[in-house]
Amino acid sequence: MAASVLQRSQTTEMTEFPAYSLVDAPEAISDLMDTLYNLPGEVPALYVDLEGENLSREGTISILQIYISPRKHAYIIEIRALGHTAFLTPGHKYNQTLQSVLECSEVTKVFFDVRNDSDALFAHFGIKLDGVQDLQLMEFASRESRKSFLCGLAKCVDRDSPLSPEERQKWGNIKDTGRRLFDPPSGGSYAVFNKRPLPRDILLYCIQDVQYLPQLWLVYNQKLTPDSRLQVIRESQARIKLSQSANFNGQGRHMVLPPAGWAS
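The letter at position 224 of the sequence shown is residue 224 when you use the UniProt record's numbering, and the numbering goes up by one with no holes.
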């Protein structure tokens with residue numbers, strides 16, 4: 001039940017990290033839907049990421065992470081266990097569902113490189129993302145000189161996040177430990193995201209993959225002009241549309257290339 005989920009999050013040995021809840025039952029989904037209702041809207045409140053085994057139309061979705069910035073709280077949603085229930089269960093007080101939130105153009109959701117996430121959500125659950133700001137595109141659009149390739153999240157956090165040296169070192173250690181567990185070239189397997197209980201190092205990895213996104217959004221947003229903000233929104237929508245097409249391929253060198261016409 002939701003109470004046990006909440007209690008589990010309070011008793012964990014993660015005092016140096018934001019509070020989190022493991023959402024693994026319909027009751028907990030309903031609690032989360034009520035939490036998501038009418039959040040402050042001056043800056044984006046929702047930061048989203050997914051993990052899975054070969055995350056794509058060809059693979060699976062294991063986990064969906066949502067970080068609610070005003071509450072400084074991460075929610076780890078058990079998609080593998082809940083399936084469609086995770087997306088279709090309404091709140092106790094409000095009738096919205098996770099699917100309706102993800103598809104709502106008026107609720108801003110921030111992803112870092114939305115393409116494979118969108119591909120998997122559309123293929124497996126028919127979810128058509130809307131209201132997305134792609135942080136990877138924001139970073140590229142904020143550059144004084146738009147050259148080279150798109151950056152990955154690790155480089156963005158290491159270079160641009162306002163972390164102390166100690167925080168940056170801790171972040172890097174968690175990132176490296178998690179990668180060794182799931183990255184095949186490093187000796188890991190994406191199947192680790194399907195282990196239950198979720199290994200602590202993977203849980204930490206999942207939480208920090210969303211917890212620093214709000215900081216990066218603020219860094220990049222202040223560098224954007226009104227025109228470049230509109231450019232990011234339009235290209236985020238174009239990425240989603242492309243990811244839903246029959247010939248989309250989420251692997252390969254083309255994934256690090258900037259959008260056509262963006263390089264200067």
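Positions of the beta carbon are idealized from the N, C-alpha and C atoms, including for glycine. If you're wondering where the values come from, they're calculated on a predicted model, not measured in any experiment.
{"Asked": "Residue environment, G41, which counts as buried when at least 16 other CB atoms sit within 10 Å", "Found": "exposed"}
{"Asked": "Proximity below 7 Å, CB of I174 to CB of Q208", "Found": "yes"}
{"Asked": "M255 classed as buried or exposed, judged by whether at least 16 other C-beta atoms fall within 10 angstroms", "Found": "exposed"}
{"Asked": "Neighbourhood of Y220 by C-beta distance below 8 Å, restricted to the same chain and skipping five residues each side", "Found": "L135, M138, E139, A141, S142, D160"}
{"Asked": "Secondary structure of K186, DSSP reduced to three states", "Found": "Correcting the residue type first, residue 186 is Ser in the shown sequence and not Lys. Helix."}
{"Asked": "Per DSSP, the bridge partner or partners of residue 272", "Found": "Absent from the model: residue 272. The displayed extent of the chain is 1 to 264, so no value can be given."}
{"Asked": "Beta-carbon gap between K128 and V48 smaller than 7 Å", "Found": "no"}
{"Asked": "8 Å contact criterion, which S105 and G131 should meet: CB distance rounded", "Found": "5 Å"}
{"Asked": "Beta-carbon contacts of I77 that lie in its chain and below 6 Å, excluding the five residues immediately before and after", "Found": "V23, L64, A86"}
{"Asked": "Distance between A120 and L55 (C-alpha atoms, nearest Å)", "Found": "6 Å"}
{"Asked": "Counted within 10 angstroms of its Cβ, other Cβ atoms place P184 as buried (16 or more) or exposed", "Found": "exposed"}
{"Asked": "Residues near S264 in its chain [Cβ-Cβ closer than 8 Å; skip 5 each side]", "Found": "S145, R146, K147"}
{"Asked": "heavy atom of the ligand PLP below 6 Å from I127 C-beta", "Found": "Absent from the structure shown: the ligand PLP. Ligands present: none."}
{"Asked": "Anticipated Cβ contact below 8 Å, H73 with S30, distance rounded", "Found": "With 8 Å as the limit, H73 and S30 do not qualify as a contact, their Cβ atoms being about 17 Å apart."}
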